[in-house]
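Working notes for the structure below.
Number of protein chains: 4
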Amino acid sequence: MCRRHPLPPGAAGRSGRPGRPRSAAADTAILEATRAALVELGWSKLSMGDVATRAGVAKTTLYRRWAGKSELVVDAVAVLFDELELPDRGSLAADVEGVVRQFAALLERPEAKTALMAVVAESTRDEPLRERIRASIVDRQKRLVVEGRARAQARGELPVTADDRSGAAGAADDLVFDVIAGTVVHRALVSGQPVDGEWIRRFTALLLGGLGAAAHG
Amino acid sequence: MCRRHPLPPGAAGRSGRPGRPRSAAADTAILEATRAALVELGWSKLSMGDVATRAGVAKTTLYRRWAGKSELVVDAVAVLFDELELPDRGSLAADVEGVVRQFAALLERPEAKTALMAVVAESTRDEPLRERIRASIVDRQKRLVVEGRARAQARGELPVTADDRSGAAGAADDLVFDVIAGTVVHRALVSGQPVDGEWIRRFTALLLGGLGAAAHG
Amino acid sequence: MCRRHPLPPGAAGRSGRPGRPRSAAADTAILEATRAALVELGWSKLSMGDVATRAGVAKTTLYRRWAGKSELVVDAVAVLFDELELPDRGSLAADVEGVVRQFAALLERPEAKTALMAVVAESTRDEPLRERIRASIVDRQKRLVVEGRARAQARGELPVTADDRSGAAGAADDLVFDVIAGTVVHRALVSGQPVDGEWIRRFTALLLGGLGAAAHG
Amino acid sequence: MCRRHPLPPGAAGRSGRPGRPRSAAADTAILEATRAALVELGWSKLSMGDVATRAGVAKTTLYRRWAGKSELVVDAVAVLFDELELPDRGSLAADVEGVVRQFAALLERPEAKTALMAVVAESTRDEPLRERIRASIVDRQKRLVVEGRARAQARGELPVTADDRSGAAGAADDLVFDVIAGTVVHRALVSGQPVDGEWIRRFTALLLGGLGAAAHG
DNA sequence: ACCTAATCGAGACGGTACGTCTGGTCTTTAG
DNA sequence: CTAAAGACCAGACGTACCGTCTCGATTAGGT
């Protein structure tokens, strides 16, 4: 944990540090305030001072813990993406449809959509920020792909390849992840069209068709 | 044309309007200055005043024509996306690979990637801006999908459906467009991994497999 | 007349000048609009563009005729000061009281007081403007002092000096003018206290006492 | 003191206030910079941003302390008027001539004359500003009149009235103050003629004659 | 019961950019 | 040559945030 600003690596959560310890309640209040401000104001009109006021905290406290708006927002919204789950729905198609539906629902929440695109935009000129986004948001969700694939293989819906056995299936999973996440984001935020049942079925059919063809070819 | 700020809809380019006409040279200079500033500074540090200075133009001239930073940047980068082409490479696979490669190259240009994600982020809270992005950037590139499909159908690589004959193939084309554009953007800007030959081949295979399966199923 | 901007001295009101003649109605409308704007907005918030709009005239027309805000306002308010009169009230004391009362009434008009002090302030760094104020406003009112003195001498209230006979009484008249105008302005605009009957009587008594003492000393 | 912008009246200079205290050095630097700018540029071309730059201070610091240009300039020039003194020159006439000479010298300083008339002009539409001018500049100089009268009475040059004994001599002092200040300002700034020895003697004679006549009448 | 040291709130600080408003000028077409 | 219209450059306006700083006041552990 501890994606905080100072608190130099050595002295992390150690309780024996001298001086007054940081308030844990402040952290919670700040992140909640950030999400609330995102909903009300969106990314571009959200200001650090406003977040501090909402959280009942001094600006200094904010900057002591996060380096800037982007870092704060990444932490504030990361938890939203961890809510995604992959219950076993009985078939690969059902599993894919379920996760797409969940992801689309998430992208309808204003704090998620405005924050996600904005921090990605910022990260195009800020490599550490991109890393932070990857670590906090993106890579954590690859588990859904890995789990879905494993489950489909267990069901016999997908073949087990040499790569899988050697643990090097990353490239294939990455591709599937980019296709699902990218396509849904593009549909919802760029094309601005609804991610409804009809579209989800068509997309799932396309994806599974591709996976099946790849398995046979 | 005229995606400009005032110039009330009725009285557009008419030459008989009273008063001094708007300088056409200023338009060109402003859009060029905007792109240059995007390259140097990125979206978040680009300022209207700086663009005006670079363009040798007063700030008022800028605000007379564009309502804000987002609108200006959309116009400035829209032209970049119009450079995408779809020369006949002999097969659907080659056509897809070619357009993906072109699109990835475009997303490596700093003015394109920083601007694209940022204006999409802004558009999540600004419906008119979203429309402007769609009209100026997104929808214009759907021609590539339509043209590619038609060419593949002419080659016999894809079947001609009833929808195509009735001209209602929109939904299928939209899906393919979201998949291609979304996946490439996600790979390049979110995952932050290279869009190289190997990946392009895998992605194209997946997509074409999906299209083929859809055709047969 | 012609305290205007261009219209070079030679070619003044000549009717045989080539081209469209200047509209006389515009002059009237502009000066009236200026006075109206002074009443509503005061000096500092009065703008040339606003005056032009109120007068139904283009800004160019304004600048063709007046060099700037100060010059325009001087012309606009000069006429107000010409309304001061000195009817024969039977005695020097009554004449002085009458003119003081009139002047105080004038200084209660918002366009007069805001304009007068402002153009004087501007004139501290603008010699031509000071001259214009003197010519258009100040010196024109010295007639009141000259006339009052002559009438008092005719009544025998004041002695006739050698200076009067030689026509060199300017210095004495100037002093009286500065005392009256300066004192009333200071009372009304700086001290901000009412110029009422009681005060006027006291002031008149002081002034006439001083004149009488000078006559005897 | 504390003619500042916020700093709510109750919590004035208290040291126990929370937060970083205001820099006293900034105050000095700002007022000096304001006077310097007045000398160089005059009232109308003086800008808040320029004053801030000269003082090595941020614009926000300026606006945190003064509500606008007028308030700032009043504070900046008020100190100049406090330099006026009334040393005992042995007679009322000499005292009056002395103070007139000092006042005229002050009105030759560009920062004093341009500022004085301009803020009075502004105050014609701004009652709080008028009060501030009165409190900071005008009323403070009435001490000169009060002191001069008391000294003349002590010398036996002027009679002691019932009003003096009851401490209600305000009206008479106010009148003398308006006459002296108003007349000198009008001579210097409106008539634009020199306040030289000759004129001062004439004016003093007139004033003292009036006072003497009032005493006897 | 002190001491040390980092925290907390508050709010002032130097900056930068904002978007608007004027001031004056220039460039049109129309009379 | 003037008029109305309106675009043009220049630059001040007052505001909002930024991220830093300086305060006095807490709030712990370590002594």
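Residue numbers (my numbering), protein chains in the order written: chain E, 176 to 392; chain G, 176 to 392; chain Y, 176 to 392; chain W, 176 to 392.
Each residue gets a CB set at the ideal place from its N, CA and C atoms; glycine is no exception.
Quantities reported herein were computed from a predicted structural model and do not represent experimental measurements.
| Item | Value |
| --- | --- |
| Interface residues of the stretch 371 to 383 of chain G facing chain E [CB-CB below 9 Å] | Glu373, Trp374, Arg377, Phe378, Ala380, Leu381, Leu382 and Leu383 |
| At least 3 beta-carbon pairs within less than 8 Å: the stretch 247 to 254 of chain G vs the stretch 201 to 210 of chain G | yes |
| DSSP-derived helix/strand/coil call for Ser311(Y) | helix |
| Alpha-carbon to alpha-carbon, Arg318(E) and Asp263(E) | 14 Å |
| Secondary structure, beta strand (DSSP E): runs of 3+ residues fully inside the stretch 269 to 297 of chain G | none |
| Residues from the stretch 218 to 230 of chain G in contact with chain E, defined by Cβ distance under 9 Å | Trp218, Ser219 and Lys220 |
| Residues near Val351(G) by beta carbon distance below 6 Å, same chain, minus five either side | Val320 |
| Same chain, Cβ closer than 8 Å to Leu259(Y), neighbours up to 5 away in sequence not counted | Val274, Gln277, Phe278, Leu281, Gln316 and Leu319 |
| Ser245(Y) burial status per 10 Å Cβ neighbour count (16 or more: buried) | buried |
| Rounded Cβ spacing between Thr236(W) and Leu364(Y) (contact assumed at less than 8 Å) | Not confirmed; about 32 Å, so no contact. |
| Per-residue burial, Ser341(Y) [other beta carbons within 10 Å of its own, 16 or more giving buried] | exposed |
| Cβ pair Gly357(Y), Val360(W) closer than 8 Å | yes |
| Cβ-based contacts, 9 Å cut-off: residues of the stretch 278 to 292 of chain W near chain Y | Pro285, Lys288, Thr289, Ala290, Leu291 and Met292 |
| Chain W within 8 Å of Val214(Y), Cβ atoms only | no |
| CA nearest to the CA of Gln328(W), picked from Arg239(W), Arg229(W), Ser198(W) and Gly387(W) | Gly387(W) |
| C-alpha distance - Ala150(G) paired with Ala200(G), whole-angstrom precision | Examination of residue 150(G) is not possible in this model, given that chain G is present from 176 through 392 alone. |
| Buried or exposed (CB count within 10 angstroms, at least 16 for buried), Lys220(E) | exposed |
| Nearest neighbour of Asp314(Y), chosen from Ala347(W), Gln368(W), Ala325(W) and Ala310(W) [CA to CA] | Gln368(W) |
| For Ile312(G) and Val226(G), the rounded distance between their alpha carbons | 22 Å |
| Euclidean distance between Cα positions of Arg195(G) and Thr203(G) | 18 Å |
| Contacts of Gly345(W) in chain Y (Cβ-Cβ under 8 Å) | Ordered by position in chain Y, no residue passes the 8 Å Cβ test against Gly345(W), which lies about 11 Å from the chain. |
| Pair within 8 Å by beta-carbon distance, Gly384(W) and Ala389(Y) | yes |
| Three-way DSSP call (helix, strand, coil) for Lys220(W) in this model | helix |
| Simplified DSSP state of Asp301(E), which is helix, strand or coil | coil |
| Chain W contact for Gly357(Y) (CB, 8 Å cutoff) | yes |
| Candidates Ile355(Y), His391(Y) and Leu213(Y): closest to Thr379(Y) by CA position | Ile355(Y) |
| Interface flag, Arg239(Y) vs chain W, CB-CB below 8 Å | no |
| Nearest-angstrom beta carbon gap, Lys234(E) and Gly224(E) [assumed within contact, 8 Å] | 6 Å |
| Chain Y contact for Val252(W) (CB, 8 Å cutoff) | no |
| For Gly217(G), the nearest candidate out of Glu286(G), Leu304(G), Thr336(G) and Glu322(G) (CA to CA) | Glu286(G) |
| Beta-carbon spacing of Asp174(E), Arg362(E) below 8 Å | There is no way to answer for residue 174(E), as the model of chain E reaches only from 176 to 392. |
| When Ser266(Y), Phe256(Y) and Gly372(Y) are compared against Gly331(Y), the one with the closest alpha-carbon | Ser266(Y) |
| With 16 other Cβ atoms within 10 Å as the buried cut-off, status of Arg324(W) | buried |
| Within 8 Å, strictly: CB atoms of Asp348(E) and Ser366(G) | no |
| Thr289(E) burial status per 10 Å Cβ neighbour count (16 or more: buried) | buried |
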